[in-house]
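Each protein sequence line maps, in turn, to chains R and D. All letters in the first sequence, in the order written, are residues 1 to 119 by the working numbering. All letters in the second sequence, in the order written, are residues 1 to 210 by the working numbering.
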Amino acid sequence: MKGIQLDLISEDKLDGMTSMEKVRLILDEVRNGKILVLEKGLTPSEQNKLIELTMTEIAPDDFSGIEIESYPVKHNDNFLNKLFGKNTLKTRLTVIGPAAQLKTIKKDRDLISALVSTP
Amino acid sequence: MGIIKRLGLNFTWLKRIFKKKRARIGIYGPPNAGKTTLANRILRDWTGDAMGSVSNVPHETRRARRREGVTINYNGSAVTLDIIDTPGLATKIDFHDFMAFGMNEEESKRRAKEATEGVIEAVKWLDELDGVILVMDATEDPYTQVNVTVIGNMEARKLPLLIAANKIDLPNSSPARIHSAFPQHPLVPISALEGQNIDLLYREIAEHFG
Numbered sequence: 001m002k003g004i005q006l007d008l009i010s011e012d013k014l015d016g017m018t019s020m021e022k023v024r025l026i027l028d029e030v031r032n033g034k035i036l037v038l039e040k041g042l043t044p045s046e047q048n049k050l051i052e053l054t055m056t057e058i059a060p061d062d063f064s065g066i067e068i069e070s071y072p073v074k075h076n077d078n079f080l081n082k083l084f085g086k087n088t089l090k091t092r093l094t095v096i097g098p099a100a101q102l103k104t105i106k107k108d109r110d111l112i113s114a115l116v117s118t119p
Numbered sequence: 001m002g003i004i005k006r007l008g009l010n011f012t013w014l015k016r017i018f019k020k021k022r023a024r025i026g027i028y029g030p031p032n033a034g035k036t037t038l039a040n041r042i043l044r045d046w047t048g049d050a051m052g053s054v055s056n057v058p059h060e061t062r063r064a065r066r067r068e069g070v071t072i073n074y075n076g077s078a079v080t081l082d083i084i085d086t087p088g089l090a091t092k093i094d095f096h097d098f099m100a101f102g103m104n105e106e107e108s109k110r111r112a113k114e115a116t117e118g119v120i121e122a123v124k125w126l127d128e129l130d131g132v133i134l135v136m137d138a139t140e141d142p143y144t145q146v147n148v149t150v151i152g153n154m155e156a157r158k159l160p161l162l163i164a165a166n167k168i169d170l171p172n173s174s175p176a177r178i179h180s181a182f183p184q185h186p187l188v189p190i191s192a193l194e195g196q197n198i199d200l201l202y203r204e205i206a207e208h209f210g
C-alpha cells in the first residue's frame, strides 16, 4: 500500500529526549517525508532551534522547509508552581511535516485542520 | 559637591551601575505583516529618518536593522528605546514563491538563501531583547506558528509583548479576531501605512516598555 507515514510520538518518549535530540529527530523524519504528531509540543526555545536548523537545511528543489502547527501554550497557574517559580507554560499537541506535503487549512484555539499530499 | 571635587572623587562608575539600561525592542512578525513599514513610521515620527525599504515581495528585509536611542514622547513622559527591525520569521522558504513576483530563478534562489539567513538572525535576536512588538496582519488568520512561537518565547521569559494588529485600513481586517486569539496581551489596531491609531501605539509603547 502506498501512502504517507504518520508517526505519533508520545509525551513519555519526548520527555526522555534532549532538546537537540528532539529537533534532530523531527528534521530527519520530516526530510524522509513523514508527518509527525507530537503528543506534547516543543518548548519555545526548542521551536527556535527547530526553525534555525530548518533554515540551514533548506535547499532549492530539495527541501523547502517544514509546516508546523501547534495549539497556543497553556498556562499552568497552580499555586505551588507560582510559589516555587516553576515554569508554568504547558506546550500542546503539535503537527509537523514537510512544507511541500503538509498544508494547514484552518487553525484555531482547539482545532488544526490540515491537508496532506503525496510527494 | 565642592568637597567631592576637591577629593577628586568620580562617580561615573556608580552612575553606570545604577543607570537604567535602554530597553531593546524587537519588531517581529511573519513576512509581509508590515514590520518595516511600522519601523519606518516610528523612526520618521521621532527621528525624521527611515529604517529600510518596503516591498510587497516577501522577505524584503533579510538583515536585522538596529536603531539606537529612539525617544518616544507621550503625554509628557519620554521613553528611549533601541529598536530592531527583524526579518520576517518563517518555517518554510520556497524560491518558486519569489518567481511568482517576476524574479528570475537565479535571483529567486539568492533571495531565498538570504531569507533563510535572515530568519536565523531574527531567531537569535530573541535572546537579546527586553520586549517585542509583534506585528500581525489583521486580515490574516492569527493562529500562525510564527505568532505562537514569538508569543511563547516572550511568555517563557516573562518579557513584555505588545501586539500591533496592522493593516486596519483594509476592509477585511479583524483586530477582534487577533484579540480573541491572544487575549492575555495588549493589542493596538493600527495602519502603519496610513498612520491610523499610531498615537495609541506610542502610548502603549511608553506604558509597556518605559
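All C-beta atoms, glycine included, are put in the ideal place defined by N, C-alpha and C. Please read these numbers as outputs of a predicted model, since none were measured by experiment.
Can you find the residues in the same chain that come closer than 8 Å, C-beta to C-beta, to residue i, ignoring five residues on each side of it along the sequence?
i, result
"Arg16 of chain D", "Because the pLDDT at Arg16 of chain D is just 47, under 50, the model does not fix this residue reliably, and the value given afterwards should be weighed accordingly. Taken in chain order, the list of residues that qualify is empty."
"Ile58 of chain R", "Ser64, Gly65"
"Lys35 of chain D", "Ile27, Tyr28, Gly29, Thr61, Asp85, Thr86, Gly88, Val135"
"Arg109 of chain R", "Tyr71, Pro72"
Any beta carbon from chain R within less than 9 Å of residue i's own beta carbon?
i, result
"Val119 of chain D", "yes"
"Asp199 of chain D", "no"
"Glu139 of chain D", "The sequence shown places Thr at residue 139 of chain D, rather than the Glu named in the question. So, not an interface residue."
"Ala156 of chain D", "yes"
"Ala112 of chain D", "yes"
"Met1 of chain D", "Reliability fails at Met1 of chain D, whose pLDDT of 44 lies under 50, so the model's placement of it is uncertain and no value is given."
"Asp94 of chain D", "yes"
"Tyr28 of chain D", "no"
"Val148 of chain D", "yes"
"Thr116 of chain D", "yes"
"Ser202 of chain D", "The amino acid occupying residue 202 of chain D in the given sequence is Tyr; Ser does not appear at that position. So no, Tyr202 of chain D is outside the interface."
"Val57 of chain D", "no"
"Lys109 of chain D", "yes"
"Ile72 of chain D", "no"
"Asn153 of chain D", "yes"
"Val123 of chain D", "yes"
"Leu38 of chain D", "no"
"Leu129 of chain D", "no"
"Leu214 of chain D", "As shown, chain D starts at 1 and ends at 210. That puts residue 214 of chain D outside it, with no answer to give."
"Thr144 of chain D", "yes"
Less than 7 Å between C-beta atoms, sequence neighbours within five positions excluded: which residues of the same chain meet that for residue i?
i, result
"Thr54 of chain R", "Leu27, Gly65, Ile66"
"Leu201 of chain D", "Ala164, Val188, Ile190"
"Lys109 of chain D", "Phe95"
"Trp46 of chain D", "Val70, Thr71, Ile72"
"Val57 of chain D", "Phe98, Phe101"
"Tyr74 of chain D", "Tyr202, Arg203, Ala206"
"Glu37 of chain D", "The question names Glu, yet the displayed sequence has Thr at residue 37 of chain D. Excluding positions up to five away in sequence, the list reads Val54, Ala192, Leu193."
"Glu11 of chain R", "Glu39, Lys40"
"Lys22 of chain R", "Leu14, Leu42, Glu46"
"Ile105 of chain R", "Ser113, Ala114, Leu115"
What is the C-beta distance between residue i and residue j, in whole angstroms, given that I count them as a contact (C-beta under 8 Å)?
i, j, result
"Ser70 of chain R", "Val150 of chain D", "Contact flag wrong, Cβ pair sits at about 13 Å."
"Gly41 of chain R", "Leu93 of chain R", "6 Å"
"Gln145 of chain D", "Thr61 of chain D", "19 Å between Cβ atoms; not a contact."
"Gly118 of chain D", "Arg44 of chain D", "Actually they do not touch by this definition, with Cβ atoms about 23 Å apart."
"Pro171 of chain D", "Leu89 of chain D", "The pair is not a contact, with the Cβ atoms about 27 Å apart (cut-off 8 Å)."
"Ala225 of chain D", "Pro142 of chain D", "In the structure displayed, chain D extends from 1 to 210; residue 225 of chain D sits before or after that span and is not available."
"Glu39 of chain R", "Ile9 of chain R", "7 Å"
"Ile51 of chain R", "Val116 of chain R", "Incorrect: roughly 21 Å between the Cβ atoms, too far for contact."
"His59 of chain D", "Arg111 of chain D", "6 Å"
"Gly131 of chain D", "Ala33 of chain D", "Between Ala33 of chain D and Gly131 of chain D the Cβ distance is about 18 Å, and since that is not below 8 Å, they are no contact."
"Glu68 of chain D", "Asp82 of chain D", "5 Å"
"His208 of chain D", "Leu159 of chain D", "Contact doesn't hold; Cβ gap of about 10 Å is too wide."
Got a sec: is the Cβ-Cβ distance from residue i to anything in chain D below 9 Å?
i, result
"Ile35 of chain R", "no"
"Gly3 of chain R", "no"
"Ala100 of chain R", "yes"
"Glu52 of chain R", "yes"
"Met124 of chain R", "No information on residue 124 of chain R is available, as it lies outside the stretch 1 to 119 that chain R covers here."
"Glu69 of chain R", "yes"
"Pro119 of chain R", "no"
"Ser45 of chain R", "yes"
"Arg24 of chain R", "no"
"Leu89 of chain R", "yes"
"Asp28 of chain R", "no"
"Lys107 of chain R", "yes"
"Val116 of chain R", "no"
Report the neighbours of residue i on chain B: residues whose CB is nearer than 8 Å to its CB, in chain order.
i, result
"Leu126 of chain D", "Checking the listed chains, one finds no chain B in this structure; the protein chains it contains are R and D."
Leaving aside the five residues before and after residue i along the sequence, list all residues of the same chain whose C-beta is less than 6 Å from its C-beta, in chain order.
i, result
"Ala39 of chain D", "Ile27, Met51, Asp85"
"Ser173 of chain D", "Ala138, Thr139, Lys167"
"Leu126 of chain D", "Asn153"
"Leu6 of chain R", "Ile35"
### Query
Taking only runs of the alpha helix (DSSP H) that begin and end inside the region 32 to 59 of chain D, which ones reach a length of at least 4 residues, in chain order?
35 to 46
### Query
If contact means a Cβ-Cβ distance below 7 Å, which residues of the region 156 to 170 of chain D contact chain R?
Ala156
### Query
Of the residues that make up the region 177 to 198 of chain D, which ones have a beta carbon closer than 9 Å to any beta carbon in chain R?
Ser180, Ala181, Phe182, Gln184
### Query
Going along the chain, which residues of the region 54 to 68 of chain R sit with their C-beta nearer than 8 Å to a C-beta in chain D?
Thr54, Met55, Thr56, Ile58, Pro60, Ser64, Gly65, Ile66, Glu67, Ile68
### Message
To test your reading of the DSSP string, which unbroken beta strand (DSSP E) runs of 3 or more residues are found completely within the region 106 to 178 of chain D?
### Response
131 to 137, 161 to 166
#### Entry: Completely contained alpha helix (DSSP H) runs for the region 29 to 103 of chain R, where each covers 4 or more residues
44 to 57, 79 to 83
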